[in-house]
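Note sheet for the following structure.
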Amino acid sequence: MPRDYFQRSEPIPYDPEAGPLDLAFRHYRPDEVVMGRRMEDHLRFAVCWWHNFVWEGGDPFGGHTFERPWFPADTMEMARHRADEAFEMFRLLGVPFYCFHDHDIRPEGETLAKSVARLDEMADYLGEKQDASGMRLLWGTANLFSNRRFMAGASTNPDPDVYAWCAATVKACLDATHRLGGANYVLWGGREGYETLLNTDLGRELDHMGAFLSKVVDYKHKIGFRGAILIEPKPQEPTKHQYDYDVATVHGFLRRFGLEDEVKVNIEQGHAILAGHSFEHEIALASALGIFGSIDMNRNDYQSGWDTDQFPNNVPEVALAYYEILRGGGFATGGTNFDAKLRRQSLDPGDLLWAHVGGMDVCARGLKAAAAMLEDGTLERLRAERYAKWEGSDLLERPLEAIAEEAVAKGIDPQPRSGRQEMLENIVNRFV
Ligand code: GLC
Ligand code: MN
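If you read the sequence shown in UniProt numbering, its first letter stands for residue 1, the second for the next number, and so on.
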């Protein structure tokens, strides 16, 4: 099939002087060095397969709006055609990475064995395309939530046959990710949660989920996969109560199963907001707990209250997220995956390009602002000063009664100090 969906051959240029209707990067320049590292290596952008090449534009009130030439990709031939167009889009955008679910890249077979064989075949095809283009896989994952067999959960399903199905599917996806040199493997607990306690054995489901994750980690070591295993927290939607609610919940779960040194988190902006947190809170907490892995960049509509997965376009918000990422030392295996989709009226191939170019520019601006704030150093100096009295203190090593005795004897009289939040916010605004 001809690869002509995007109707252009030249990759999108960097041109800060480009006119408002010209498709160009104004801020993202892969080779520009920011805090000693190339921008491309800082941001590690990835395009996701599902929203761009699978989603048809449906919403709860209507079906598909997009007319992609590879729809419906229900044959292997169409799946390959779609992969050709996907890699063409990656080339035009100049992104280094992509991500997929098994379900995105291959049509499901009539049997489990057939589905696995098709996944293997498509992974070989993607491997050839990676070799030819230099593209890399940021992460692979298994879709354990769309098919009706998963409606009551994946590893937390009351039916052990579903658990076994998931084991076979995750094994196949991890094998494929490993073969493709994936930097990470993600588990988003799509339907790992419950609707009502009236039919749910909560404790048992958590035990099953922990055992499943332990098996995944064991298998990763058996095959020598060196990427990180990542859990992606989300508080609700699709289930009413998702078990991987937020970073803190996931950390507690990992500790309980002794997996806190084995598994990290993939934090999504929209999921953080749904959990009642800010994106930067979730990133900072994961860094503090030693489990920061990667991010899914997007944003939700701030009025609607559900997971709308829009492209990012708010530089100050993105800057605070990258500020926490840079403070934590930047990405290791992780990166910035655009888990974001078009609006259903954005029908044209060019809309896919504009969305990513805009998102990449917003992230580039955010990164540069974050780096400038760190290099300026005022915020970090003020933070350090706030804790300066702890220098040389031995309180943390001493027992409670010894601290109490000395506090009383010395007649300490702590004086509150301003948190200076408005001043700090004004400092941030000088950079964004
Ligand atoms: C689904 C989720 C998304 C997640 C992805 C990977 O598409 O909506 O947030 O990142 O699966 O599991
Ligand atoms: Mn996501």
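All C-beta atoms in this analysis are idealised placements derived from N, C-alpha and C, irrespective of residue type, glycine included. Small disclaimer: the values here were computed from a predicted structure and weren't measured.
Asked: Closer than 7 Å to a non-hydrogen atom of ligand 2 - does that hold for the CB of TRP55?; Found: no
Asked: Spatial neighbours of GLY58 within its chain, please: CB distance less than 8 Å, with the 5 preceding and 5 following residues excluded, ordered by chain position.; Found: HIS64, THR65 and ARG344
Asked: Using beta-carbon positions only, say whether PRO152 and PRO158 come within less than 8 Å of one another.; Found: Reading the sequence as shown, one finds Ala at residue 152 and not Pro. Cβ distance < 8 Å, so ALA152 and PRO158 count as in contact.
Asked: Per DSSP, which one or two residues make a beta bridge with CYS99?; Found: CYS48 and TRP139
Asked: Buried or exposed for GLY182, going by 16 or more other Cβ atoms inside 10 Å?; Found: buried
Asked: What separation, rounded to the nearest whole angstrom, lies between the Cα atoms of ILE231 and ALA154?; Found: 14 Å
Asked: Would the beta-carbon of LEU259 fall within 8 Å of that of SER214?; Found: yes
Asked: Taking 8 Å as the limit between beta carbons, can you name the residues of its chain near ASP104, skipping five residues before and five after?; Found: TRP49, TRP50, PHE53, VAL54 and ASN143
Asked: Closest to LEU367 by CA distance: which of ASN313, VAL318 and GLY419 is it?; Found: VAL318
Asked: Roughly how many angstroms lie between the CA atoms of LEU424 and LEU342, to the nearest whole one?; Found: 35 Å
Asked: Under 7 Å: does the beta carbon of GLU268 sit that close to some heavy atom of ligand 2?; Found: yes
Asked: With a threshold of 16 other CB atoms inside 10 Å of the CB of GLU324, please say whether the residue is buried or exposed.; Found: buried
Asked: Reducing DSSP to helix, strand and coil, say where ILE231 ends up.; Found: strand
Asked: Whose CA, out of THR336, GLU205, PRO312 and GLU67, lies closest to the CA of VAL362?; Found: PRO312
Asked: List the DSSP bridge partners of ARG299.; Found: GLN310
Asked: Does PRO30 get closer than 8 Å to chain B when you measure Cβ to Cβ?; Found: In the structure shown, chain B cannot be found, because there is only a single protein chain.
Asked: I need the straight-line Cα distance from ARG68 to PHE145, nearest angstrom please.; Found: 24 Å
Asked: Would you identify the three-state DSSP class for residue 434, choosing helix, strand or coil?; Found: Residue 434 cannot be examined here, being either before or after the span of the chain that is shown, 1 to 432.
Asked: Could you compute how far the alpha carbon of PRO316 sits from the alpha carbon of LEU285?; Found: 20 Å
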